[in-house]
Every structure is written in C-alpha cells, then in structure tokens.
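Here the structure comes first, spelled out in structure tokens, and everything after it is commentary.
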Amino acid sequence: MTAYIVRRLFATLPVMAVVALFVFFLLRFAPGDPAAIIAGEDATAEAIAAVRGKLGLDRPMVEQFFVWILQLAQGDMGVSIFSNLAVTRLISQRLEPTVALTLSTLFVAVALAIPVGVVAAWKARKLVDRLVMGFAVLGFAMPGFVLAYILIYFFAVQWQLLPVQGYRPIGEGLWPFVECLILPSVALGVTYMALIARITRASMLEVLAQDYIRTANAKGLATDRVLLLLALKNAAVPIITVIGIGIALLISGVVITETVFNIPGLGRLTVVAVLKRDYPVVQGLILVFAAAKVLVNLIIDISYAFLDPRIRY
Amino acid sequence: MLKSILAGAVALVIPFAAAQAQEKVLRAVMHADVRVIDPIWTTQTIASIHGMLVYDTLFGNDANLKPQPQMVGKYEISPDRLTYTFTLRDGLKFHDGSPVTTKDVIASLKRWGAKDGVGIRLMSYVTNLEAVDDKTFKMILKEPYGMVLESLGKSGSSVAIIMREQEALTDPQQQVKEAIGSGPYKFAKDLWVPGSKAIYLKNKDYVPRPGNEPPSSFAGSKIPGVDRIELVWISDPQTAMSALVNGEIDFYEAPNNDFLPILAKAKGVKLMMTGKIDSTQGMIRLNHLHPPFDNIKARQAMYHLINQEDFLRAIVGNPEYYRVCHGLLTCGGPYENDGGSAFFKDYNPKKAAQLMKEAGYKGEPITVLFTTDHNTITPATQVLVQAMREAGLNVDAQSMDWGSVVSRRAKKEAPAQGGWNIFVTTTGGVGASNPVLHTWIGAACDKGLFGWPCDPEIEKLRNAFAFAQTDEERKKIAKDLQTRAMDQVVYIPFGQWNTPLAYRADKIEGIVPNTGLAVLWGITKK
C-alpha cells in the first residue's frame, strides 16, 4: 500500500506540469489585458503599454512561462498584479472559509442523505421512498442561489435568526463560526444531499437483493443490523466515490454560494482574478484546485481498500 | 512561503479579535473592493477613496468645486500668476511618525504629475518645484495656467495625494509597496484581505485643520469620527441590501437601482443623494480612425438614434434619479450650456439611415463591443444596438466581459483585424463638468483617448479655458468648446444619473454630500 501511495504521489507531478502548461498559455491566449484594467478609464494606449512593460507582460510568452516555473520550483507562486501581495498569502487567506464551507456542507448533506437513502431503499416503492425521491428531484432542480435568497429572506431578514452574509473564523468562537455557515451549508448542501441520497438508495437496493442479505434476514438478524452492518458497508464504495467527487467539486466550485453569502473563499477569489486577468493568482489557484482533486482521488482510492477487502493495490 | 501563509492566517483571525474591543466601527460597502493601494498607479475610483482616507492633499475641492487649503496653511500667488508659494500646516506627520516635509510634497507632486492626465497638463506648465525650507515650497510656471489649485484639489481618480518621499520616488508605472500617508486613517495592511475587506484605523496623531471647519466634500477639518473603518466588499447587490436592512453594515455607497424602493421602506435605513452634481454621465464612443465613423456625416447620423430617455429608463428607471442632458459638460455643473444640443432634437432612425448612406455606408458590419457584465453599460449597449438595428445598420455586436472591452478598445487596428467601431462607457459627472478635467472631451488624435478624435480647434479651446482669468470668459469658452466637440462628435452622451447612497440612520450620522468620491472620515456612530 505504501509503495502504491508513493507511486501515486509521484504520478501527480506530470499531471501538475500539464495543468501548469495549459493554464499559463490559455490565460495568455484569452482576450483581456491586466495592464489596460490597471491603467484605467482615462489611460492612453501609450500609458497601457508602459504598465504592460513594467509588469513584464511584453516579454515573450515562453520567457514568462519559464520565469514562473522557476519561481514555482522555489515554492513561490508569484505576486498578485493588483494587490502586490504574495499569491500564497491570498490563497491561504481564502482557504479556511472554503474548507469550512465544504466540510459543513458535506456534513449536512451526508448526515441527512445517507439515513434517508437507506430508509428509502428499505421501504422501496412505498410512500417514504416516493417522498425521498421527490425531494431528491426537487433538490436537483432548484438552483442553489434561489434557495439561498429564500433562506436569507426568511431566516435573516424576516426572522433575524442568522446573519445574511459574511464569514467569521473559528478563532473567534464556535457559535459565530457556525452561525455564518448554517444558511450557506443548507443552500449548497441540498443538491449534494439529493445526489448522495439517490446514490445511497440505488446502491443499497442492489446490495439488499443479494443472497447473503436474504440469509441474514432468514436467520432473524435485526433489521438495523442488516441495514447498517451488512448492507450499508457493502454499498459504501459508490457512496464514498460520490462524496469524494463532492469534496473536489465543492473546493473549486462554490462560487455562487460564496458570492450570495459573501464568504471570502477560493471560489470568489478565482472569479475576481479571472475577471481582472490577475494571471499569477489564477495560475496559483488552478494548481491548488488540481492538487486538491488529485489528493481527494487518492484518498478515495485508498479508502476502497479499507471498505472492500477484495480491492488490493 | 510559510511567512505568507502565516500572514494570511493572521489576517483572518486578528480582525475579529481586535474588533471585540469596544471600538466604534463603521462597516461600509463601497462600489468596488480595495484591490490596489496606490491611487496614483491606477485610476480606479475605489483606490482614490482608499487614498483619501490614508493620505492627505494640499488642497481639497469643496462641494461647490472650489479648491480650499487642506495640508497647506497659507499660500501666495505672485501678481504675474507665475509663482505659487505654499506653506504646510504645523503638526503634519506621516503614520510612521516622521514629519511631512516639502521633500515629500515635491516628490509626490512629480509622481502624480507624471501619471495623471490633469497632473501631466499642470506639470507641462511648471518649470520648477523648489523647496524653500522644510515647510515652504514654490511652484514656478512658465505661463499663467489658471487651474493650479483646482488640479491640486481634484477629486475622482488619481487624486494629488502626498506620500513619503521614499514611496513617491517609485516609478509611477509601478505600484508602491506601502500605504503610509498622513491622512486621518491608517491602512492596516496586515489585516487586508483583497476581495473581502480593507481596514483603516483612526490616526490619533492627525491634526485637522484648525477651527473645526465643517466638512464640505474634501475641504474642511477632517476629524476621524470612528475608531475603525471596515470597507467590506459584498459583490452581490441583493446580499448587500439585505445586510444593510439586517444592520450588519452601516453604509452602502452604490445600491442597485432595483432595490431603492425596498431600501426606502426599510426600518432604520435612509437614502441620501451623494451630491449636487450627478455622479455619472453615459457616453457612446465612436472610433474616428475607421469607416464609417471616420466620416463626420456618419458620426452625426448617430445622434438621430439616441433618445436619452430610452437609455436612462433602461439603466436607472426612476426619473427622480436621472436627467436628460444634451450636452457634454455635466448638466447641473458650473459650465452647463446648450452649445450643440440641437443635434438631439430629432430621434429618427430613417434619417440616420439616410445620412449614413450619404456618408458612403453600404451595409458593412459595424463592430460594437458589447459588455455583458456591467450593471449600467450592458443595458445601455442593448438600447443602442436595438436603435441601430431599427435604422437597418449591420450591427456586429460582440459580447465580452468588461475586462475584455477595456483591453480591446485600446486597439487601433481596423475592426476586421481585432479593432472596433463603437463602445459604450460612463464617466464621472464631476470630472465631466470641467473642460480641462474632462479628458473624454479632448480630441488629441493619437495621444488622446480610445476612439482618437482629432481636432486641433477643440484642444485649442481646452487650453484657452485653462488660461481664462474670469468665470465669464470660462463660460463662453466652455460653450464654444461643447459646440465644437458635439459638431465633431467626440462622443455621444446618453444622459446622466445620480443614484443615492443608503445608510443606517439609526446607527450613524455625519454623512457629507460629496463631489465624486465618498467622504467617510466625518461619519460618527450614534
């Protein structure tokens, strides 16, 4: 297993290299010019060219690429064109809110979806199952931002139970931290809840049809033990896969929720950096997202071996 | 890298720990986030708002756009108007404790004068800036330029701020690394989270102008009203509105027009017009370098497609907040006039089509840079494109984000080679009220702004305005200038607007109407 993990970690290097190559050149080929944005409304073409020169954007693209790669090799992701702050600082500032939102969303989604999915499978084609599947369809169909505004309207503006927006780090206290995450986690979690519930149900239905489950039931094993110890454990592989994909998607894809709830996370940093053509920040973020996805996939693969003894590396 | 990561973590935790103390905190949502801390390096308005908190200026224009001394204690103008002698006030100190000296002032003016359009124009008449001593310096002109004080006190973008000499010596094309000024608030750089919040702490050593002069835009005594100002960036307008209604923020500089009726009814919230002069003017810029708009007849044909009410209803909606203005110099400003306004008399697509035909237009595609992500420019472009299509023009509306428009409009190539024919933009109403500060009215050919109108007569009139000695003379020149600029179609205005700011009247007071930039230092908590 250790050799497998080491092999997989080394295999990430060419993946990251390809990502770096693509992100660098795609950004440069995309329309837009940070120098024009900096120089502003009243800037002449000459003034824009002067800014471009000072930023080093007038140098050959290949030269710019190798300068960046050399910086990366030394652990330096560069400096934001606009704020003049290190990209590592900008990303680390935004990491905690995004990770907190991701984990709280998954917590909400998993804590509700798995029991609901198990019950739906157990009561397949009965009213409970229909209700769960109806909710799953609704959860998929409703855009997250619509639900977000509805939640804000009732829970924050009308009833004033929770804040409209913002993020407060855990260092400030547990409740301030949690209260800022409740509405965004619910708004974002509903889609994942629906997805995980459906996968759990489907996977459980498959396992519940197996002979060993029938045998366990025939032997008079308690239903909860059958469902949780026998069925759920054996149905876990596809569920874990979906949860893992969810983590990877959430880390890089919570832009809308972060925007609506004004959470200063990586998603918002990405959008603004793209719109402003802040090349070093976008490049750094894409590398972080790629690394996160590779890492999450690795963890999922490793977890398979623990959940299913038949899988060995 | 580890240091950067630690700095990032500290920036997240410390603000809240510090805020727990019993401080008076003003939380304000501005029109943009503070992403750049050098207001000379960029022309972004938000950078100037940041700059006016952190730095001080020699002069500040008051609500009537008259320059009043700010850092300057006294000044003299020689009878021939060629020598200005300025003496700094006592007690001026930078945030690091060092005194403000004329070395700092001269270096700052030189940097500003090498970057900002108004500064460049002023410095083109300055032969020397010389320090008499640490507190007194002379500005010597080669000609009696009439806009010296107005330029030093200008608001809007790239304000003539005074920074420490060591930062002021930085190449103006490069951003300074520190924001250490002598203004009423200190910038807390360690707590800055670009794209989220910028924090300013009260400068306890600030010495305001004596006499407790009432604040009037950028003039008057700058007395810090709260211990801490947090410029919070909420990009979603609906969330920002809800946060204000919920009392999570105190001040919202630029609420979306759609939400004004809700805010007007919200408990504890008040709306307030930002100033006497409308904040924004809309403009359609035609590219004078390429057909069809290299032909004056084609440019003038476009006037027949502009019904300003159509644009303003699409952008603002409520007539209370907009004004039809058939001039280039801001209506309601000191140089408003009716020169050239006759061009707008007749909205008539058929006539526009006929004039275009007479100008030699044969149905070639007209490239319009169509911004898709701007709350005012996008609807304005939609209205324009619709009117052009009604006239039967072959419109090639190319959709792109504003960042791409900003980049693309600088291209002088023909539209088929990546250039353009038309783009829509806006400019500040205060800047557009003065022929010298209003750079878009210029027609300096290759050296001018995108679209590159070329007319020596216009430049001659702008220059004459700067040297006029009486207000009457200035008004006459302003009218001649506007008439000529409209005849040449340097741009087509589509009206002006001034949406109110919103604030929690039950929590804060002391908001000052401004001329171009939000004035935050005088706001106090109840």
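Protein sequences appear in the order of chains S and R.
Under the working numbering, the first residue of the first sequence is numbered -13, with each subsequent residue one higher.
Under the working numbering, the first residue of the second sequence is numbered 540, with each subsequent residue one higher.
Note that beta-carbon positions come from the ideal geometry of N, C-alpha and C, so glycine has one too.
| Asked | Found |
| --- | --- |
| Taking only beta-carbon positions, decide if lysine 736 (chain R) is within less than 9 Å of chain S. | yes |
| With distance defined between alpha-carbon atoms, name the residue in S:Ile233, S:Phe121, S:Pro155 nearest to phenylalanine 163 (chain S). | S:Pro155 |
| Since arginine 574 (chain R) is in the alpha helix (DSSP H), which residue starts that stretch and which ends it? | From DSSP, arginine 574 (chain R) is part of no alpha helix (DSSP H); its letter is neither H nor E. |
| Look at valine 274 (chain S) and threonine -2 (chain S) and say whether their C-beta atoms are less than 9 Å apart. | no |
| Are any of the Cβ atoms in chain R nearer than 9 Å to that of leucine 261 (chain S)? | yes |
| DSSP state of glutamate 859 (chain R), grouped into three classes? | helix |
| Taking DSSP as the reference, what is the three-state secondary structure of cysteine 993 (chain R)? | strand |
| Could you compute how far the alpha carbon of glycine 232 (chain S) sits from the alpha carbon of methionine 128 (chain S)? | 18 Å |
| Does the beta carbon of tryptophan 580 (chain R) sit closer than 9 Å to a beta carbon anywhere in chain S? | yes |
| Give the DSSP bridge partners of alanine 1041 (chain R), in chain order. | R:Tyr791, R:Leu810 |
| What are the partner residues of threonine 1063 (chain R), as DSSP defines its beta bridges? | R:Glu1048 |
| What does glutamine 714 (chain R) reach in chain S if we use C-beta pairs closer than 8 Å? | Asn70 |
| Based on the DSSP secondary-structure assignment, which residues constitute the bridge partners of leucine 565 (chain R)? | R:Ile768 |
| For serine 90 (chain S), would you say it is in contact with chain R, using Cβ-to-Cβ distances shorter than 9 Å as the test? | no |
| Could you check the C-alpha separation between serine 543 (chain R) and valine 193 (chain S) for me, to the nearest Å? | Low confidence applies to serine 543 (chain R): its pLDDT is 49, below 50, so where it sits in the model is not reliable, and the reading given next is rough at best. If I take the Cα positions, the gap works out to 50 Å. |
| Buried or exposed: where does leucine 541 (chain R) fall if 16 or more other Cβ atoms within 10 Å of its Cβ makes it buried? | With a pLDDT of 44 at leucine 541 (chain R), under the threshold of 50, the modelled position of that residue is not reliable, and no figure is offered here. |
| Just the C-alpha distance for valine 657 (chain R) and leucine 691 (chain R), rounded to the nearest angstrom, thanks. | 9 Å |
| In angstroms with no decimal places, state the Cα-to-Cα distance between threonine 869 (chain R) and isoleucine 1016 (chain R). | 15 Å |
| Can you grab the Cα-Cα spacing for the pair alanine 548 (chain R) / glycine 157 (chain S), in whole Å? | Low local confidence applies: a pLDDT of 48 at alanine 548 (chain R) is under 50, so the model's placement there is unreliable, with the coordinate-based value given in what follows. The straight-line gap from Cα to Cα measures roughly 10 Å. |
| How would you write the range of the alpha helix (DSSP H) that glutamine 714 (chain R) sits in, first residue to last? | First-last for glutamine 714 (chain R): undefined, no H or E at that position. |
| Assuming lysine 642 (chain R) and threonine 626 (chain R) make a contact with CB atoms under 8 Å, what is their CB distance in whole Å? | The pair is not a contact, with the Cβ atoms about 15 Å apart (cut-off 8 Å). |
| Shorter than 9 Å from the beta carbon of leucine 551 (chain R) to some beta carbon of chain S? | Note on leucine 551 (chain R): pLDDT 47, under 50, position unreliable in the model; the coordinate value appears next. Yes, leucine 551 (chain R) counts as interfacial toward chain S. |
| Using the Cβ count rule (16 or more neighbours within 10 Å means buried), how would you classify aspartate 264 (chain S)? | buried |
| Output the boundary residues of the beta strand (DSSP E) element that contains tryptophan 1036 (chain R). | 1031 to 1036 |
| Within 9 Å (strictly less), CB to CB, does arginine 254 (chain S) reach chain R? | yes |
| With tyrosine 724 (chain R) as the anchor, note down where its beta strand (DSSP E) starts and where it stops. | 724 to 726 |
| Taking buried to mean at least 16 other C-beta atoms within 10 Å of its own C-beta, is isoleucine 916 (chain R) buried or exposed? | buried |
| Have a look at S:Pro266, S:Ala35, S:Leu235, S:Ala134 and flag the residue whose alpha-carbon is nearest the alpha-carbon of valine 282 (chain S). | S:Leu235 |
| From the beta carbon of isoleucine 237 (chain S), is the nearest beta carbon of chain R less than 9 Å away? | no |
| Please list the partners that serine 946 (chain R) has in chain S, where partner means a Cβ-to-Cβ separation under 7 Å. | Pro17, Gly18, Asp19, Ala22 |
| Any C-beta of chain R within less than 7 Å: which residues of the region 113 to 142 of chain S qualify? | Tyr135, Ile138, Ala142 |
| Output needed in chain order: residues of the region 682 to 693 of chain R with a Cβ under 9 Å from some Cβ in chain S. | none |
| Just to make sure I have the definition right: I need the residues of chain S whose C-beta is within less than 9 Å of the C-beta of glutamine 777 (chain R). Which are they? | Tyr135, Ile138, Val246 |
| Helix, strand or coil: which one does DSSP assign to alanine 548 (chain R)? | Residue placement at alanine 548 (chain R) is flagged as unreliable, the pLDDT there being 48, under the threshold of 50; a coordinate-derived value is accordingly withheld. |
| At 3 residues or longer, what runs of the beta strand (DSSP E) sit wholly inside the region 882 to 936 of chain R? | 905 to 910 |
| Which residue or residues does DSSP assign as beta-bridge partners of glutamine 607 (chain R)? | R:Gly599 |
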